[in-house]
Each structure stands twice: as structure tokens, then as C-alpha cells.
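**Student:** The opening position of the sequence shown corresponds to residue 88 in this note's numbering, with each subsequent residue numbered one higher.
Each residue gets a CB set at the ideal place from its N, CA and C atoms; glycine is no exception.
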Amino acid sequence: MTVGQLFLASLSSGVISPSELSWLTTQQDHFSRIEEATALRLGRLLDQGDIQLGCRLSPTKLHHDAVRDGWIEPLGRRRHRAAR
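1. Would DSSP call Q92 helix, strand or coil?
2. Should E122 and G91 be called a contact, given that it needs their Cβ atoms to be closer than 9 Å?
3. When you compare each of T125, S104, G101, L133 to T89 by their alpha carbons, which one comes out closest?
4. What's the gap between the Cα of L129 and the Cα of T112?
5. Return the Cβ separation of E107 and L95 in integer angstroms, given the expectation that the two are a contact with Cβ distance under 8 Å.
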């Protein structure tokens, strides 16, 4: 993992995990100037609330939720509740 990869993943998902944040803080002694600037920007985004501390959901889980909500549920319980 590099600081750039972590920055892009966090920026695109809006989330940074505690283990990624821990890695960032333990490796900061080895960063180049550009990596330091990137880590500072990541910290500012965290402070501003643009990036949240949490976990990322896997694309498989997101696909499963979309199938359940878009295809299965309308044919199941929700359909019967709306008909009443």
C-alpha cells in the first residue's frame, strides 16, 4: 500500500479504516515530501468530515443489497403490504 493508493481509495469511497489510519501514522517517518503533503491533505479531509472513519463495504455486498431491494423485495413482503 502506498499513501497515494490510500488517498485515492479514501477519497473515492469517503471512508478510511482504522487499520489504514494506523498504517499511515506508523509509516510517516518514511514518507517523502509529496507523501507527507498527501497525508496532511487526508488528515484535513478527515477533520472537515469529507472522509469518515469506518469500513468499506465490498462490491459483492453492495450488489447483493441492490438485487434484494430492487428485485426480490418488491415481489415479496413489501408487495403484499402495499396491496392492503
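**Tutor:** Once the coordinates are examined:
1. helix
2. yes
3. T125
4. 12 Å
5. With a Cβ gap of about 12 Å, E107 and L95 do not count as contacting.
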